[in-house]
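S.K.: Next up is a structure, given as structure tokens.
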Amino acid sequence: MADRLAQVAGHLSATHSRGLLNGEVAIITEAIPQGIGRSCALLFAKEGAKVVVTDLDEKKAQLVVDEIKLAGGDAIAIGGDVAADDFPQRVIDLTIK
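Remember, my numbering sits 388 above the position in the sequence shown when you count from 1.
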């Protein structure tokens, strides 16, 4: 098990000075301040990605964005219902903007 963990760890930032995802954009839905979405958003930001954090409650998404920015990352929060017909296009438009 330890060998596998060392192998996985070797694929992350240790071998990429600016992070494995430097220059990439990650859109994370349902990234509320608890749970796997938040963890993914933080990890992607740590690896250099610009992160778009979405949640039904934009204030909750903003808490994750604040945490990312406090750690030196780049992120924006977008509130809205992922099931809404216009949500995917709105997320893409705001991400590009």
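Every residue, glycine too, gets a C-beta built ideally from N, C-alpha and C. In this text the structure is predicted, and so the values were computed from the model without any measurement.
Pull up the CB-CB distance for leucine 451 and proline 421, whole angstroms please, since I reckon it's below 8 Å.
M.R.: Taking 8 Å as the upper bound for CB-CB distance, leucine 451 and proline 421 are in contact here, some 5 Å apart.
S.K.: Spell out a yes or no on whether the segment 447–466 and the segment 410–430 are touching, meaning 3 or more CB-CB pairs, one atom from each, closer than 8 Å.
M.R.: yes
S.K.: Can you check whether the CB of glycine 407 is closer than 9 Å to the CB of alanine 437?
M.R.: yes
S.K.: In the structure shown, what three-state DSSP assignment does lysine 438 receive?
M.R.: Note: lysine 438 maps to strand in three-state DSSP.
S.K.: Quick one: grab the DSSP three-state call for aspartate 472.
M.R.: The displayed chain sequence assigns alanine, not aspartate, to residue 472. Taken through DSSP and simplified to helix, strand or coil, alanine 472 comes out as coil.
S.K.: By the three-class DSSP mapping on this structure, what secondary structure does alanine 419 have?
M.R.: coil
S.K.: Under DSSP, the alpha helix (DSSP H) around alanine 449 begins and ends at which residues?
M.R.: 446–458
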